[in-house]
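The opening position of the sequence shown corresponds to residue 21 in my numbering, with each subsequent residue numbered one higher.
Take a look at the structure set out below.
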Amino acid sequence: MTDAALQQDLKAIILALEEDDYENTNIFANRLMSDAGIVGDKEHLLIGFFSKDVAADMMELRAMKKATALATAKAHATIFLSKMNDHARRQAFDEEEIWNEYVVLSDKLRKFHLTPHEEKAYADDKEFTHRIAVWLEQYLLGRQNLLVESKSQLLKGVLNELGRVYRIFGADKPEIIFLSLLTALDRVCDYVRFAHQSPDGSIDSGSAKSEILPYLERILDIMQGKSVEISKVDALLSELIIKWREAFISYLEVPHLVRVPVEKGVQLPEETKKRIAEAVTKALEVKQKAKK
């Protein structure tokens, strides 16, 4: 029997999304994961994880000021969360079906992030994404010690590459799973590095490695099998989510955490753009006066 509190957490997520309040959609998704982790509800852990991803997509689309795309994406997200709500009320937990619905939603939402140039230049090519994912798996395997190097942003770099290719070409379920597991590991890794960081910025690599590398090994083991076993995926993803939420209890938000940048141009604030334009105008005026 699902706890009533978890159902209310999910209801809060849905209501926030309906009101275009994506910041609270994200906060309520975190809350659902925390509560589900404490009471041991794996299904709601996954739903919270997916809901957080939905919130991030919606906030990014709003920042891109693509009103039509935002409205359509919101419609897809609303339908998805409604389905998740239905799943949460069932007695049987269908892990495969939940992942399949998340993969379908992800494929719909990622297309709204494409620029006009990308829409014209690229066609879906999920096999290419698979090839890139395999290469990145080997790259991680050969450089795993960098995970605890003080200046390294290895996981964020890999996530940026995989996310870029997925956004443009699409991806099948194994690659979506790989992306999800790495995202969860990255959140844990941020806190582990912070916990073992000295005042001079160095990291106790021995202690950090013992906490992080076993997770990476399990991820790579899952991905290198002939087929991805959802039960193993969900067990590991749940473990990572719980460790991340417990770390939040201990440290709250870590000040220097840097989320994965999606490959895009730098967007200056409107006020900065205005000041630059004024400065350029004045410079041109001075130049013109000097010529007279």
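Built from N, CA and C at the ideal position, the CB exists for glycine as well.
Using C-beta distances below 8 Å, list every residue in its chain close to residue i, excluding the 5 sequence neighbours before and after it, in chain order.
{"i": "Cys209", "result": "Leu167, Leu175, Ile232"}
{"i": "Ala267", "result": "Val208, Tyr211, Val212, Ala215"}
{"i": "Ala97", "result": "Leu37, Val74, Asp77, Met78, Leu125, Leu129"}
How many Å lie between residue i and residue j at the Cα?
{"i": "Met243", "j": "Leu26", "result": "31 Å"}
{"i": "Asp254", "j": "Lys246", "result": "17 Å"}
{"i": "Glu195", "j": "Glu39", "result": "32 Å"}
{"i": "Asp192", "j": "Asp220", "result": "43 Å"}
{"i": "Ala9", "j": "His133", "result": "Because the chain in this structure spans residues 21 to 312, residue 9 falls outside the shown range and cannot be described."}
{"i": "Ser170", "j": "Ile223", "result": "6 Å"}
{"i": "Glu117", "j": "Met104", "result": "10 Å"}
{"i": "Phe186", "j": "Asp73", "result": "Position check: residue 186 holds Tyr in this sequence, whereas Phe was assumed. About 15 Å."}
{"i": "Ala95", "j": "Ala36", "result": "13 Å"}
{"i": "Gly162", "j": "Gly190", "result": "26 Å"}
{"i": "Glu99", "j": "Ala153", "result": "The identity of residue 99 in the sequence shown is Ile, whereas the question assumes Glu. If I take the Cα positions, the gap works out to 29 Å."}
{"i": "Val212", "j": "Glu249", "result": "27 Å"}
{"i": "Pro234", "j": "Glu181", "result": "23 Å"}
{"i": "Leu201", "j": "Arg51", "result": "20 Å"}
{"i": "Leu156", "j": "Val178", "result": "7 Å"}
{"i": "Leu101", "j": "Leu125", "result": "10 Å"}
Write down the C-beta distance between residue i and residue j rounded to the nearest angstrom, noting that I regard them as a contact closer than 8 Å.
{"i": "Leu240", "j": "Leu160", "result": "7 Å"}
{"i": "Met78", "j": "Tyr122", "result": "About 15 Å separates the two Cβ atoms, so there is no contact after all."}
{"i": "Glu115", "j": "Ser251", "result": "7 Å"}
Starting from the C-beta of residue i, find all residues in its chain whose C-beta is less than 7 Å away, skip the five residues before and the five after it, and write them out in chain order.
{"i": "Leu65", "result": "Met53, Ala56, Gly57, Ser258, Ile261"}
{"i": "Ala49", "result": "Ile33, Gly68, Ser71, Lys72, Ala75"}
{"i": "Ala108", "result": "Thr22, Gln27, Leu30, Glu63, His64, Ile67"}
{"i": "Gln217", "result": "Ile223"}
{"i": "Asp144", "result": "Phe189, Gly190"}
{"i": "Gln164", "result": "Leu233, Leu236"}
Report all residues from its chain with a CB closer than 6 Å to the CB of residue i; omit the five preceding and five following residues, and keep chain order.
{"i": "Trp264", "result": "Arg207, Val208"}
{"i": "Ser227", "result": "His216"}
Any chance the CB of residue i is under 8 Å from a heavy atom of the ligand MN?
{"i": "Asp114", "result": "You won't find the ligand MN in this model; it holds no ligand whatsoever."}
Length-filtered (4 minimum) alpha helix (DSSP H) runs lying within the region 169 to 219
174 to 189, 193 to 215
Those runs of the alpha helix (DSSP H) which lie wholly inside the region 54 to 138 and span at least 4 residues:
62 to 83, 87 to 109, 115 to 130
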